[in-house]
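Presented below is the structure to which this report refers.
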Ligand SMILES: [Mg+2]
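Numbering (our numbering), first residue to last: 400 to 629.
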């Protein structure tokens, strides 16, 4: 794992009480891990340049944000193009190494998992089904607002907090993604973020991540090694 990892924070309890708990008790920092899909659980799925070209969008700004500002007839055409690209990609995409294993490992530890993607529900469900990925909650383009809005993350946290999750806080949440929007959404929500960088060089926004990892399997070291803050 590259990047930094927070120092161990000793529980603020008297020494006499703390002694029986040493070595560090097996509490954990994170009760919820939220994964991005495109470029995170899967290898890069979409050719964004091709989508922009087919719709007729400029090179800057989010595709969804551009489409939202269109008049209805043009917006429908753009959404149809986006859907076609996504569904074509969903039929051929490949998982990143360790995707199935990290979800299973988190589940075995009792850590909730969720998907947060700007792709459509049809696209996401097709990929999850093809690759037999199991997550506890799936938030797609149909769930508003989208990343990087903080509520994209906070709404998932609220889901687990109201469905018997025992009141998960943003500080107990780790967002795993490969793009700036993942980092921004996590930070704005008060959650930590692990940036997955499978290629060199690191992107310019990597410094905004809490952790930087080169493979999905490294997420397990993060959730296993960082104890819950007192
Ligand atoms: Mg991504």
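Cβ coordinates follow ideal geometry from the N, Cα and C atoms, glycine included. Predicted model, so just to flag it, every value in this text is computed and none were measured.
Any non-hydrogen atom of ligand 1 within 7 Å of residue i CB
i	result
residue 576	yes
residue 448	no
residue 685	Given a span of 400 to 629 for the chain in the structure shown, any question on residue 685 remains unanswerable.
residue 435	yes
Residue burial classification, residue i (beta-carbon count within 10 angstroms, cutoff 16)
i	result
residue 424	Unreliable positioning characterises residue 424 in this predicted model, as indicated by a pLDDT of 41, which lies under 50. The coordinate reading is nonetheless provided below. So residue 424 counts as exposed.
residue 475	exposed
residue 421	With a pLDDT of 41 at residue 421, under the threshold of 50, the modelled position of this residue cannot be trusted; read the value that follows with caution. It counts as exposed.
residue 467	exposed
residue 524	exposed
residue 606	exposed
residue 449	exposed
residue 546	buried
residue 470	exposed
residue 491	exposed
residue 414	The pLDDT assigned to residue 414 is 38, lower than 50, so where the model puts this residue is not dependable; a value taken from the coordinates is nonetheless given after this. The residue is exposed, with fewer than 16 neighbouring Cβ atoms inside 10 Å.
Presumed contact (8 Å Cβ cut-off) between residue i and residue j, rounded CB distance
i	j	result
residue 513	residue 481	Going by Cβ atoms, the distance from residue 513 to residue 481 rounds to 23 Å, so no, they are not a contact pair.
residue 620	residue 496	Not really, about 15 Å apart at Cβ, beyond 8 Å.
residue 510	residue 616	About 15 Å separates the two Cβ atoms, so there is no contact after all.
residue 601	residue 551	Actually they do not touch by this definition, with Cβ atoms about 24 Å apart.
residue 526	residue 441	6 Å
residue 569	residue 588	5 Å
Those residues which DSSP pairs with residue i across a bridge
i	result
residue 433	513 and 574
residue 447	According to DSSP, residue 447 bridges with nothing at all.
residue 441	437 and 494
residue 537	514
| query | Within the chosen definition, does the segment 535–544 reach the segment 504–522 through at least 3 CB pairs nearer than 8 Å? | reply | yes
| Can at least three beta-carbon pairs, one atom from the segment 572–582 and one from the segment 427–434, be found at a separation below 8 Å? | Contact between the segment 572–582 and the segment 427–434 is established, with three or more Cβ pairs separated by less than 8 Å.
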